[in-house]
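Here the structure comes first, spelled out in structure tokens, and everything after it is commentary.
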Amino acid sequence: AFSFDSPESEWGLYVCMNSFFGFGKQFVERHYQKTGQRVYLHLKRTRKPKVDDGSSGAGDPPKKKPTRLAIGVEGGFDVPQESCEFDEEVKIVILPEHIAIPRESLAQMPGAVRDRVTAAVDGILAADSASRKQEVQSWDGEVRQVSKHALELKQLDNSVRIPPCGWQCARCEMKENLWLNLTDGSILCGRRYFDGSGGNNHALEHYRQLGFPLAVKLGTITPDGADVYSYDEDEMVLDPNLAEHLTHFRIDMMKMQKTDKTMTELEIDMNQRIGEWETIQESGGTLRPLYGPEYTGIRNLGNSCYLNSVMQVVFSIPDFQSKYVGNREKIFKDSPADPTQDFNTQLAKLGFGLLSGENSKAPIESDEADTTVEPKTQEGGIAPRMFKALVGKGHPEFSTNRQQDAQEYFLHFINMVERNCRSSDNPNEAFRFLVEEKINCLASGKVKYTHRVDYIIQLPVPMEAAVNKEELMEYEARKQEAEGSRGSPPEMVRARVPFEACLRAYSEPEHLDDFWSTALLAKSMAVKTTRFASFPDYLVIQIKKFTFGLDWVPKKLDVCIEMPDELDFAHLRGRGLQEG
């Protein structure tokens, strides 16, 4: 509850037999003195090398290629296995005398006491196993839901007849990765993948133009089913009436044979290729691990990189260090009966875990040359599950394991700090600044100044300010040529936009065409300018890389922002109301 100690820590973990909270050795005495609870279950696990039983080695059969887009299930990707075994020690400890009773000795207790203690011990051990379910142990990516469009799908009576083979995209020359729209019978190519393979997006464009939601991938139709995609639901789906829908276009599902890879097979191939790429992307370079205070990593809890990056930055700020780590003892002393639900307690716990170095210790050198003893689990970074669950509690997004936006999480965290600050010592002041907005009514000549508090500045990306326009034009020409000839895509060229151009775009006056003027009591035109009324100690900047296309579909700008070593914001300082 107060530290990241676990059964694998040097002194193990103490679990209160009444509240079932876990404590490291330095905190169990504090809990006893505060609550009077005397009985704790002590768990200690010690790593040891896994014994080679002779069943592994060069004679083992090669690892089977995955056949399912799944993790930890038959036919899927394997869950990484522990490279070591554990010696586990379980005993009852009674404070303050620290009387230790091994689990094996519980049988010598009187019957009623023995049954109650044994039941509590078994419950705690079972709960420990349940906590591991928070981690991804198995996942099946092939579980699909029935489409909401499948039962009442509209099919046009346009006399379209689909032959059993020889298909081609109606808008290009592609003869693979083809999708049959189940409403009008159009045959169009699929999406283009990030590596340049795939199609030319014609099936997707067809949906955006006409809104026909379901399509089946030609070449995957067999008597057992086929790949069906719902553009409206944006996922692979099931169509229980697929045979009937195919019959509309004179396709006999029972006579079709598989001639193309399913989306599952393509994703498995892609995952394996990406895994190989991740393994070699840093080849040729030697990375030196850093250990000690302020060099503690945060483990990924499943799409939690947004939390990891935000909290690493937050605890590099002295204001947060002094507020939560410097006052850790007082915060822990004042913590409520359930410290796992107290924001300040969990934030102090996280901050100390990141800054102390207790969870970032170098592996112990072995006596044998060129070998090291595998570091203990708790020294390989921290896993702030309690903090993640507490901050995300009740939030529709942050309470899930889905990917999230770091900027949105940062602002949510700032609000949590505001609500839980019990004194004037508010570390958010390090990020806080005032924005000055000036609105000039062009018809009346009157101006209005407003001020608002903010913690982050959002800068647009003016693509027209790219400094490598010629390279971009040449790249686009090569890309279109490759798409037309189905050749390999050219090496990616990203737009390079100076950071100063983003600042200029932010500071440019914004024209308001439909402005209600209180001076005229009528609509007029106005100009709005935005400036800083005050500057923070630390300025958080978000680069707005998402924009909308002509079809109002959001897309991410693939752009490189060139950051200078020094920034000058003097021209963005607001001057307030001026004479005249």
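Counting from 1, one number per residue, gives the positions in the sequence shown under our numbering. From the three backbone atoms N, C-alpha and C, an ideal C-beta is built for every residue, glycine too. Owing to the predicted nature of the structure, the values given are computational and were not obtained by experimental measurement.
When the alpha-carbon of Phe86 is set against those of Gly225, Gln578, Thr46, the nearest one is in Thr46. Between the region 465-484 and the region 419-435 there are fewer than three C-beta pairs closer than 8 Å, too few to call the two in contact. Taking all protein chains in view, the Cβ of Ile414 is crowded by 16 or more other Cβ atoms within 10 Å, so the residue is classified as buried.
For Arg30, DSSP records no beta bridge to any residue.
With distances taken between CA atoms, Pro289 lies nearest to Gly381 out of Pro536, Gly185, Gly381. Setting aside the 5 residues that flank it on each side, Tyr409 is surrounded in the same chain by Tyr306, Leu307, Val310, Phe398, each with a C-beta closer than 7 Å to its C-beta; the list follows chain order. Judged by DSSP secondary structure, Thr450 falls within the beta strand (DSSP E) whose first and last residues are 447-454. When only Cα atoms are considered, Leu390 and Gln480 end up about 49 Å apart.
Restricted to the region 522-562, the beta strand (DSSP E) segments that are unbroken, complete and at least 3 residues in length are 522-532, 541-543, 546-548, 554-556, 559-562, listed in chain order. Taking the CA atoms as reference points, Gln145 sits about 6 Å from Leu238. Linking Leu350 to Ala226 through their CA atoms gives a straight-line distance of about 48 Å.
Comparing C-alpha distances from Leu153 to each of His206, Thr530, His248 shows the shortest one belongs to His248. Out of His451, Arg385, Gln542, Trp167, the CA that lies nearest to the CA of Gly576 is found in His451. Going by DSSP, Glu244 is part of the alpha helix (DSSP H) stretching over 242-247.
A distance below 7 Å separates the beta carbons of Lys44 and Gly12. As the crow flies, the alpha-carbon of Tyr229 is around 26 Å from that of Gly484. In its chain, beyond the 5 residues on either side, Met17, Leu41 have a beta carbon closer than 8 Å to the beta carbon of Ala120.
With a cut-off of 8 Å on Cβ pairs, the region 25-33 is in contact with the region 90-108, counting three or more such pairs. In this structure, the alpha-carbon of Ala126 lies about 18 Å from that of Ala1. The Cβ atoms of Asn201 and Cys172 do not sit closer than 7 Å to each other. Cα atoms of Pro363 and Ala150: separation of roughly 57 Å, rounded to the nearest angstrom. A Cβ-Cβ distance of about 5 Å is found for the pair Pro462 and Ala501, placing them in contact under the 8 Å criterion. The residues Met256, Gln257, Lys258, in chain order, have a CB closer than 7 Å to that of Thr222 in the same chain once the five nearest residues on each side in sequence are set aside. Exposure of Arg114 is indicated by the presence of fewer than 16 other C-beta atoms within 10 angstroms of its C-beta. DSSP places Tyr14 inside the beta strand (DSSP E), whose first and last residues are 13-16.
When the five nearest sequence neighbours on each side are left out, the beta carbons in the same chain lying within less than 6 Å of the beta carbon of Val314 are those of Phe320, in order along the chain.
If you look at Ile94, you'll find it in the beta strand (DSSP E) that goes 84-94. Below 8 Å, enough C-beta pairs join the region 526-542 and the region 557-577 to call them touching: three or more.
According to the DSSP assignment, Met236 belongs to the beta strand (DSSP E) that extends over 235-238. Between the alpha carbons of Cys421 and Gln33 lies a gap of roughly 27 Å. Contact between Leu218 and Leu156 is ruled out by a C-beta separation of about 18 Å, above the 8 Å threshold.
Arg208: member of the alpha helix (DSSP H) spanning 202-210, first to last residue. The C-beta distance from Ile456 to Val540 rounds to 4 Å, short enough to meet the 8 Å contact threshold. Taking a contact as a CB-CB distance under 8 Å, the pair Val453 and Arg432 counts as one, their CB atoms being some 6 Å apart. CA-CA distance, Asp122 to Met109, rounds to 16 Å.
Runs of alpha helix (DSSP H) with 4 or more residues, each lying fully within the region 307-363, are found at 328-333, 343-355, listed in chain order.
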